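K.L.:
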Amino acid sequence: MEVSLAEKGAKVPSAKEEKRKQLLDEFTAGNPEIAGHKHRRMIVRGGVAAHHAGHIPAWKLLIEKMMSAGLLDAIFATSTVAAGVDFPARTVVITNADTRGNDGWRPLQASELQQMTGRAGRRGKDKVGFVVAAPGRFQNPGRIAYLLRTQPDPLESRFRSTYTSLVNLLDAFKSFDRVREIAEKSFAFRETARQIMSLENDAEEKKIEIGEILRASGFDLKPEDALALERLGAARMRLQEKLPVTRAEIRHRWLSQVVEKGRVVSQGKSGKRLFLVLDINGEKVSAMRDDGVGATLTLGRLNRVYAKKYPLKDESLELAFHDIVEKKNPALQEPRLPKDRDEETDALNILQEAMERLVPAGLSDEDKKDALDSLWQTWDQAEFIQRISRDIDNLQEEIWLPFEQRARVLDHFGYLDFNGEMVTESGKWLADVRVDRPLLVGEAIKHGLFSGLETKEMAALMAALAADPDRNYGELEISDTVTTNLGKLTELIDAVAEIEWENGVEPAPDLNFSAAAAAELWATEGDAATDWDELVEKTAAEEGDLVRLLSRTGEALLQIAALKDSQPEAAEAARDTAAVILREPVR
Numbered sequence: 018m019e020v021s022l023a024e025k026g027a028k029v030p031s032a033k034e035e036k037r038k039q040l041l042d043e044f045t046a047g048n049p050e051i052a053g054h055k056h057r058r059m060i061v062r063g064g065v066a067a068h069h070a071g072h073i074p075a076w077k078l079l080i081e082k083m084m085s086a087g088l089l090d091a092i093f094a095t096s097t098v099a100a101g102v103d104f105p106a107r108t109v110v111i112t113n114a115d116t117r118g119n120d121g122w123r124p125l126q127a128s129e130l131q132q133m134t135g136r137a138g139r140r141g142k143d144k145v146g147f148v149v150a151a152p153g154r155f156q157n158p159g160r161i162a163y164l165l166r167t168q169p170d171p172l173e174s175r176f177r178s179t180y181t182s183l184v185n186l187l188d189a190f191k192s193f194d195r196v197r198e199i200a201e202k203s204f205a206f207r208e209t210a211r212q213i214m215s216l217e218n219d220a221e222e223k224k225i226e227i228g229e230i231l232r233a234s235g236f237d238l239k240p241e242d243a244l245a246l247e248r249l250g251a252a253r254m255r256l257q258e259k260l261p262v263t264r265a266e267i268r269h270r271w272l273s274q275v276v277e278k279g280r281v282v283s284q285g286k287s288g289k290r291l292f293l294v295l296d297i298n299g300e301k302v303s304a305m306r307d308d309g310v311g312a313t314l315t316l317g318r319l320n321r322v323y324a325k326k327y328p329l330k331d332e333s334l335e336l337a338f339h340d341i342v343e344k345k346n347p348a349l350q351e352p353r354l355p356k357d358r359d360e361e362t363d364a365l366n367i368l369q370e371a372m373e374r375l376v377p378a379g380l381s382d383e384d385k386k387d388a389l390d391s392l393w394q395t396w397d398q399a400e401f402i403q404r405i406s407r408d409i410d411n412l413q414e415e416i417w418l419p420f421e422q423r424a425r426v427l428d429h430f431g432y433l434d435f436n437g438e439m440v441t442e443s444g445k446w447l448a449d450v451r452v453d454r455p456l457l458v459g460e461a462i463k464h465g466l467f468s469g470l471e472t473k474e475m476a477a478l479m480a481a482l483a484a485d486p487d488r489n490y491g492e493l494e495i496s497d498t499v500t501t502n503l504g505k506l507t508e509l510i511d512a513v514a515e516i517e518w519e520n521g522v523e524p525a526p527d528l529n530f531s532a533a534a535a536a537e538l539w540a541t542e543g544d545a546a547t548d549w550d551e552l553v554e555k556t557a558a559e560e561g562d563l564v565r566l567l568s569r570t571g572e573a574l575l576q577i578a579a580l581k582d583s584q585p586e587a588a589e590a591a592r593d594t595a596a597v598i599l600r601e602p603v604r
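In structure tokens, the structure reads:
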């Protein structure tokens, strides 16, 4: 006689548990990498699961399927899951007022919280959805309440001035003016565009005021005449201010221009004591004497200023003084006071005549004076318009400057011709390399760093570039060959970084050596090949982090593999390496 589980006192699986087990078994058949997952028993028997970036994609997909099928009673997830996956639930529990991002912990934003709480209440099942702010060490009920009442955060564009976007835009539109126009119209700069529009409206109002003043004068004068008068008048005032009266004034202005950090100067009539300028603050000059003693000088008491500038490094200090003794660094020629002021007087007269020509011809001397006075009455409005025009130029420059800086870097390395406003042949294939650090990858290809490498060596090199710099993938050893290759890549990065610094571009982060070691191990073939479980164990990294690293590495390699026409050798090696990297369970 058969005895049922219930009669024996054993727990009988519920219908939900049976369905969970069935779905798990079916999914495992197609995704064997989850067969040994440590949460298998928990998900089947308990009906609860975790969903976050630390899991491999196949496991997260299984959780999503079970949740969508209504087979789970609870799911523990990060804040990002609410935005990325359709997970309606009867109750949403908020345990923290903070969330963890790539740069560490930060407060939740309004849109994130509203996205999370918006999951409360299943359509067609619940009349009411519940949100519970659970007490805890990192909970902040006041902030939660505030975020729920506030407006959603404004959308932020991901459009950025990158090397790839610049090369592609210039190649497509053939001029910097068109690239600049597109950048100014992008969603990323909508706030700047609003500011520009507001300033333009203010300028238009001032033009209307100018027009009313000029019409009341009775003369045939236009707002453009008022703006021209302001420009000419401002130029005249600047010229008058700059005209020196004495030789001392000329010399002082010259000193304030030529005394710079890294230049050698002398003091006193004899000029025998030499000083290397370290810093300038107004009239005070901080310097180091030729005997190594620090000193503070007064700008006006300096004697000679020498031509060469030296970097403020230990090895350069002695050389700076030695060059003067050896007569390898000549003194700059001082300006002289002109014997007459004819040139300056002529310039002032020319500006004055230009202003007088703004009034209509054929007027009497008295009417000419009255018409010019009418233009002077618009000075404040015209000056306001000119100031707004400069503000608009500055705002537009803020948009364009990052593109221009990167264009000059690309010009230095031969990927575009800055003066000719055209993409070179190297730039054309670089435009197809859509990776996080395209310039570094391009330079590595040009210098042959990807040539003649074994699969594991190329995987390591690309992983070091593709990985998040702050992620740790264990303490694995790197082979000598990979270490040498990474050293060459580091030298290349330093060379690129130097040019980027010179042009105001923030250099790329450092290489991730632990990522290189993990990728080398995963891409090792033959008898020493590593399976997934062994990789996870040796790196002690989260499976999801490893999948992210290897996926990004494989995707970057596929970008290089697409360069089969322009870079056939690197493309073939990248294609073969990507096939090894992107095997199960990475895909």
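The letter at position 262 of the sequence shown is residue 279 when you use the numbering used here, and the numbering goes up by one with no holes. Positions of the beta carbon are idealized from the N, C-alpha and C atoms, including for glycine. Source: prediction; values computed, not measured.
Go ahead and label alanine 461 buried or exposed: buried means 16 or more other beta carbons lie within 10 angstroms of its beta carbon, across all protein chains shown.
P.N.:
buried
K.L.:
By Cβ distance, which residues of its chain are closer than 7 Å to threonine 556, with the 5 residues on each side in sequence left out?
P.N.:
Tyr490, Gly491, Leu493, Ala535 and Leu563
K.L.:
Classify lysine 55: buried if its beta carbon has 16 or more other beta carbons within 10 angstroms, exposed otherwise.
P.N.:
exposed
K.L.:
Please go through the same chain and pick out, in chain order, the residues whose beta-carbon is closer than 7 Å to the beta-carbon of arginine 318, but skip the five residues on each side of it.
P.N.:
Gln284
K.L.:
Does the Cβ of aspartate 357 have 16 or more other Cβ atoms within 10 Å, making it buried, or fewer, making it exposed?
P.N.:
The predicted position of aspartate 357 is uncertain, since its pLDDT is 48 and thus under 50; no value can be drawn from it.
K.L.:
Cβ atoms of leucine 291 and valine 276: under 8 Å apart, would you say?
P.N.:
no
K.L.:
Using only the alpha-carbon positions, how far apart do valine 302 and leucine 272 sit?
P.N.:
11 Å
K.L.:
How about the segment 579-597 and the segment 465-480: do they share at least three Cβ pairs that are nearer than 8 Å?
P.N.:
yes
K.L.:
According to DSSP, tyrosine 323 sits in a beta bridge with which residue or residues?
P.N.:
Tyrosine 323 is bridged to Ala348.
K.L.:
Put aspartate 511 into one of helix, strand or coil per three-state DSSP.
P.N.:
helix
K.L.:
For the putative contact between leucine 216 and isoleucine 409, defined by C-beta atoms under 8 Å, what is the C-beta separation to the nearest angstrom?
P.N.:
5 Å
K.L.:
At which residues does the alpha helix (DSSP H) containing lysine 38 begin and terminate?
P.N.:
Looking at the DSSP string, the run of the alpha helix (DSSP H) that includes lysine 38 is 32-47.
K.L.:
Which parts of the segment 48-111 are runs of the alpha helix (DSSP H), unbroken and 4 residues or longer, counting only runs that do not cross its ends?
P.N.:
74-85 and 97-101
K.L.:
Count the other CB atoms, across all protein chains shown, that sit within 10 Å of the CB of proline 240; report buried if there are 16 or more and exposed otherwise.
P.N.:
That one is buried.
K.L.:
Quick check: the Cα distance between glycine 543 and proline 124, rounded to an integer number of angstroms?
P.N.:
48 Å
K.L.:
Which residue comes first and which comes last in the beta strand (DSSP E) that contains glycine 444?
P.N.:
No beta strand (DSSP E) holds glycine 444; the alpha helix (DSSP H) holding it covers 442-447.
K.L.:
Just checking, does the segment 383-397 make contact with the segment 230-250 on the three C-beta pairs under 8 Å criterion?
P.N.:
Contact between the segment 383-397 and the segment 230-250 is present, because at least three Cβ pairs lie under 8 Å.
K.L.:
Among Phe401, Asp242, Lys325 and Asn411, whose alpha-carbon lies nearest the alpha-carbon of arginine 374?
P.N.:
Asp242
K.L.:
Which same chain residues, not among the five before or five after glutamine 422, have their C-beta less than 7 Å away from its C-beta?
P.N.:
Residues Asn520, Gly521 and Val522 of the same chain have their beta carbon placed closer than 7 Å to that of glutamine 422, with the five preceding and five following residues left out of the count.
K.L.:
What is the DSSP secondary structure of leucine 389, counted as helix, strand or coil?
P.N.:
helix
K.L.:
Can you tell me whether asparagine 366 is helix, strand or coil according to DSSP?
P.N.:
helix
K.L.:
Report buried or exposed for proline 152, applying the criterion of at least 16 other Cβ atoms within 10 angstroms of its Cβ.
P.N.:
So proline 152 ends up on the exposed side.
K.L.:
According to the Cβ coordinates, are glutamate 560 and isoleucine 80 closer than 8 Å?
P.N.:
no
K.L.:
Pick helix, strand or coil for threonine 547, following the three-state DSSP scheme.
P.N.:
coil
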